[in-house]
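Colleague: Starting off with a structure, shown below.
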Amino acid sequence: TVNADENTIFIKVSSCFVKLDLNKVLYIEALADYATIHTETGKHTIHSTMKGLEQKLSTKDFVRVHNSYIVRLDKISSIENGFLFINKTQISVSRNRFKPLIQQLKLA
Numbered sequence: 098t099v100n101a102d103e104n105t106i107f108i109k110v111s112s113c114f115v116k117l118d119l120n121k122v123l124y125i126e127a128l129a130d131y132a133t134i135h136t137e138t139g140k141h142t143i144h145s146t147m148k149g150l151e152q153k154l155s156t157k158d159f160v161r162v163h164n165s166y167i168v169r170l171d172k173i174s175s176i177e178n179g180f181l182f183i184n185k186t187q188i189s190v191s192r193n194r195f196k197p198l199i200q201q202l203k204l205a
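Reading the sequence shown from the start, the letters are residues 98 to 205 in this note's numbering.
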């Protein structure tokens, strides 16, 4: 992944690089040494660690809520009982990441 500007990154999909608009990213899900980037229009599975992706994403727009999930803050539709929802997708929020999430959303 290469940063093009603050709102886009290039991701390697198969053998080519694809420009990804970060404003359209809903959440990122870990799968061993891969990550699936879920967007408004589809999903891309790339070879990357969550830590590597986390370092490339803006902390004002994205937050890691679980070892397996990074979410885009402005896409969260609700938070309830240790879960957050993006559209109809339920995502676990780990206990130690719940308070930082609430603070980042300025709810506390």
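Every residue gets a Cβ at the ideal spot worked out from N, C-alpha and C, and that includes glycine.
Which runs of the alpha helix (DSSP H) fall wholly inside the stretch 139–181 and span at least 4 residues, in chain order?
Modeller: Fully enclosed alpha helix (DSSP H) runs of 4 or longer: 147–153.
Colleague: For Phe180, which residues from the same chain have a beta carbon less than 7 Å from its beta carbon, with the 5 sequence-adjacent residues on both sides left out?
Modeller: Excluding sequence neighbours, Phe180 sits near Gln187, Ile188, Ser189, Val190.
Colleague: Throw me the rounded Cβ distance for the Leu150 and Ile176 pair, which I believe falls under 8 Å.
Modeller: About 22 Å; that fails the 8 Å criterion.
Colleague: Kindly list the residues whose CB is nearer than 8 Å to the CB of Met147, restricted to its own chain and excluding five residues on each side of it in sequence; keep chain order.
Modeller: Correct list, in chain order: Ile125, Ala127, Ala132, Arg161, Asn164, Ser165, Ile167.
Colleague: Opposite Glu137 in the DSSP bridges: which residues?
Modeller: In the DSSP output, where bridge partners are listed per residue, Glu137 has none listed.
Colleague: What number of angstroms, rounded off, separates the C-alpha of Asp118 from the C-alpha of Glu137?
Modeller: For Asp118 and Glu137, the distance between alpha carbons rounds to 10 Å.
Colleague: Near Pro197, what residues of its chain come up, given a Cβ to Cβ distance below 8 Å and the 5 sequence neighbours on each side ignored?
Modeller: Excluding residues within five positions, the ones whose Cβ falls inside 8 Å are Val160.
Colleague: Here's the rule I'm using: 16 or more other beta-carbon atoms within 10 Å means buried, otherwise exposed. How should Lys172 be labelled?
Modeller: It is buried - the Cβ of Lys172 has at least 16 other Cβ atoms within 10 Å.
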